[in-house]
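What follows is a set of notes on a single structure, which appears directly below.
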Amino acid sequence: MKSQDVRKQFLDFFKSNGHLIVPSAPIVLKDDPTLMFNNSGMAQFKEYFLGNGTPKSKRIADTQKCLRVSGKHNDLEDVGFDTYHHTMFEMLGNWSFGDYFKKEAINWAWQLLTEVYKIPKENLYVSVFEGSKEDNVPFDQEAWDIWKTLIDEDRIILGNKKDNFWEMGDQGPCGPCSEIHVDLRPEAEKALVSGKSLVNNDHPQVVEIWNNVFMEFNRKADGSLEKLPAQHVDTGMGFERLCMALQGKTSNYDTDVFTPLIEKVEQITGLKYTPNDVALSGVEESEEQNKTNIAIRVVVDHVRAVAFAIADGQVPSSGGAGYVIRRILRRAVYYGYKFLNAKEPFVNKLVEVLANQMGDFFPEIIKQKDFVINVIRQEETMFFLTIENGIKYFDLYSQLVNEGDSGKFKRLAGIELSNSDKEQGVFPGFFAFELKDTYGFPLDLTVLMAKNNGLTVNVDEYDRLMEEQKARSRAASEVSADDWVKIMDYGVNGVSTEFVGYDKTEEKPVSIL
Ligand code: ATP
Ligand code: MG
Ligand code: MG
Ligand code: MG
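Below you can see the structure in the form of structure tokens.
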């Protein structure tokens, strides 16, 4: 089943069950002080759960563009290394605002997966909240009893508070959840181990696809729980993971959500990607091919995040949400440069493919296509000016760190490192700072490169140097404020108004990096 049809069938199913279908909210949030990017389907409905405002319908369904690269949900480090965490992904969701509850939600989820999508029942596991005495929250007997009518008991797993209880914050609406996991292992392997021990054990082919949250409590300021007057349902299913299950694949990257992008990267670089089934079949792969595979996954993942963020109005910049986007793009450029032999801007060339593939459902990517391509190309061009020297700089100093030769630092860089920067196995904060300041390498990129070299970065020293630099530029801008002089304006009727200019100009980083 093509991914377009997977999405459509989800929405059609909930529409036929009385849900209003709404568009995805933008990936970038401009008016929420607690969140930079939409990281789940429920974010755009948060206020309804808090009792502010009324939704257009008591039943809503959609697919939401999500980005999990900062704050509470940050999956960036997993991307490329596993087969099912992305920076940007779609979350399919259905909601009940004080309307239906567990019985309908669970039965619909089951019906959709097993009857519409026809996933074999013996490939599914579900989890139910086990309860927590310490937090005074009971075992979710109601969900257990409903699941028992649908699935074998040894496929119902008890989950703890971390995985199976959802809270918006320290106070407010909360409740247990039921997750659905799909087992994509080969039959022979399934025969060896099955049952409860499998799920939530991080087996790469037993993957969580859907989370159903049942908001039934309100946590009060004193920590106690009370029943909410109206109960809500909030669900989220990973679209790319669902496509993997329905297309008989073991990696999201082998679905048609990603294969056109991978083919384009292959065409640009002349390299080949190894599909996961081949990788799992036991064929020995060279270290180099492994790195190629990781780099291709990173690039095709990151272009989606960056392109959709720009299409929604968040261009890369040196601060806030814009800097998050710049960091993701630079990471993609780094992987391309280092592992895919890309010596000139290439990420922008993937946008056309992305637009062809996603544009029918997300028209913004078509409308903004030229703008997105231009912004990405400019950003890439800028980073390509410094990336080569930055990598040389990094390689030189990481080699010295590995050799434990701190004397050479002084001779080469002409500086005496602080004591904390001289520790064995630690890439000095000073050099991480230089990489950022001179070569435009975001800290997380330096951390990643250091990790690949078996080093950690002295982040405290880096932070200290960044602070020092900020203080210097603040001081510099205060000096320039002295240029403003007191002006007396003899205004209407000879009444004077005083204009003293700016006593403090806002710090604005001027570096292009
Ligand atoms: P995981 O445990 O795999 O990190 P999660 O429990 O953090 O997932 P939820 O917050 O429950 O995820 O989100 C609902 C659904 O969204 C998940 O069941 C999963 O299918 C999907 N999902 C979550 N994070 C990602 C991601 N980074 N990339 C792709 N899909 C994701
Ligand atoms: Mg997660
Ligand atoms: Mg989880
Ligand atoms: Mg979950």
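Heads up: the sequence shown runs through residues 1462 to 1974, numbered per this note's numbering. Every residue gets a Cβ at the ideal spot worked out from N, C-alpha and C, and that includes glycine. Everything numeric in this text was worked out from a predicted model, so none of it was measured.
Per DSSP, the bridge partner or partners of H1642: H1642 pairs with Y1586 and E1669.
E1628: CB within 6 angstroms of a non-hydrogen atom of ligand 3: Every heavy atom of ligand 3 is 6 angstroms or more from the Cβ of E1628, so no.
Collapsed DSSP secondary structure at A1486 in the structure displayed: Three-state result, A1486: coil.
Any non-hydrogen atom of ligand 4 closer than 6 angstroms to N1535 Cβ: no
Residue closest to V1914, alpha-carbon to alpha-carbon, out of P1903, W1671, V1767 and V1887: It should be noted that the sequence gives Asn, not Val, for residue 1914. The candidate whose alpha carbon is nearest that of N1914 is V1887.
Supposed close pair I1612, V1587 - CB separation, criterion 8 angstroms: Indeed, because the Cβ distance is near 6 angstroms, the residues count as touching under 8 angstroms.
Proximal residues to A1604 (C-beta, below 8 angstroms), its chain only, five neighbours per side dropped: K1563, I1567, V1589, F1590, P1637, S1639 and F1675
V1794 versus W1608: straight-line alpha-carbon distance, rounded: 46 angstroms
Top-ranked residue by Cα proximity to V1812, from A1782, D1762 and Q1775: With respect to the C-alpha of V1812, the residue from A1782, D1762 and Q1775 having the closest C-alpha is D1762.
Beta carbon of Y1900 nearer than 7 angstroms to that of G1851: Taking 7 angstroms as the Cβ cut-off, Y1900 and G1851 qualify as a contacting pair.
Span of the alpha helix (DSSP H) around D1738: N1737 to L1741
Pair within 7 angstroms by beta-carbon distance, P1806 and E1849: Contact: no.
Contact test: P1500 Cβ vs ligand 4 heavy atom, cutoff 6 angstroms: The identity of residue 1500 in the sequence shown is Asn, whereas the question assumes Pro. No, the Cβ of N1500 stays beyond 6 angstroms of every heavy atom of ligand 4.
Cut-off 7 angstroms between Cβ atoms - residues of its own chain near T1730, not counting five sequence neighbours on either side: L1801, N1802 and A1803
Spatial distance of K1579 from R1702 (CA atoms): 15 angstroms
Short Cβ contact (7 angstroms threshold) for V1759 with Y1796: yes
Separation of N1737 from T1711, as counted between CA atoms: If I take the Cα positions, the gap works out to 6 angstroms.
Span separating the alpha-carbon of V1726 from that of A1682: Cα to Cα, the separation comes out at about 52 angstroms.
Residues near I1771 in its chain [Cβ-Cβ closer than 6 angstroms; skip 5 each side]: V1833 and V1836
Residue of E1724, A1504, N1597 and I1827 minimising C-alpha distance to V1489: A1504
When W1556, H1546 and Q1572 are compared against S1518, the one with the closest alpha-carbon: W1556
Any non-hydrogen atom of ligand 4 closer than 6 angstroms to N1672 Cβ: Yes, the beta carbon of N1672 sits closer than 6 angstroms to at least one heavy atom of ligand 4.
Own chain residues within Cβ distance below 6 angstroms of L1722, not counting five before or after: V1761, L1811 and V1814
Any non-hydrogen atom of ligand 3 closer than 6 angstroms to E1669 Cβ: yes
DSSP bridge partner residues for A1522 (one or two, in chain order): I1482 and N1555
Beta-carbon proximity of G1633 to G1554, cut-off 7 angstroms: no
M1552: CB within 6 angstroms of a non-hydrogen atom of ligand 1: yes
Three-state class that DSSP yields for N1500 in the structure shown: coil
Given 8 angstroms, three or more beta-carbon pairs between the segment 1476 to 1492 and the segment 1519 to 1533: yes
Cα-Cα separation, Q1572 to K1582: Straight-line Cα distance between these residues: approximately 11 angstroms.
C-alpha gap between D1536 and F1678, whole angstroms: Roughly 29 angstroms between the two C-alpha positions.
Which listed residue (Y1734, V1739, D1773 and F1769) has its alpha carbon closest to that of I1757: Y1734
Local conformation of H1547 per DSSP, three classes: coil
Limits of the unbroken beta strand (DSSP E) element including T1847: Bounds of any beta strand (DSSP E) do not take in T1847; it lies within the alpha helix (DSSP H) bounded by K1830 to E1864.
Cutoff 8 angstroms; reference E1648; Cβ partners in own chain excluding five residues on either side: none
Check: R1468 C-beta below 6 angstroms from any heavy atom of ligand 1: no
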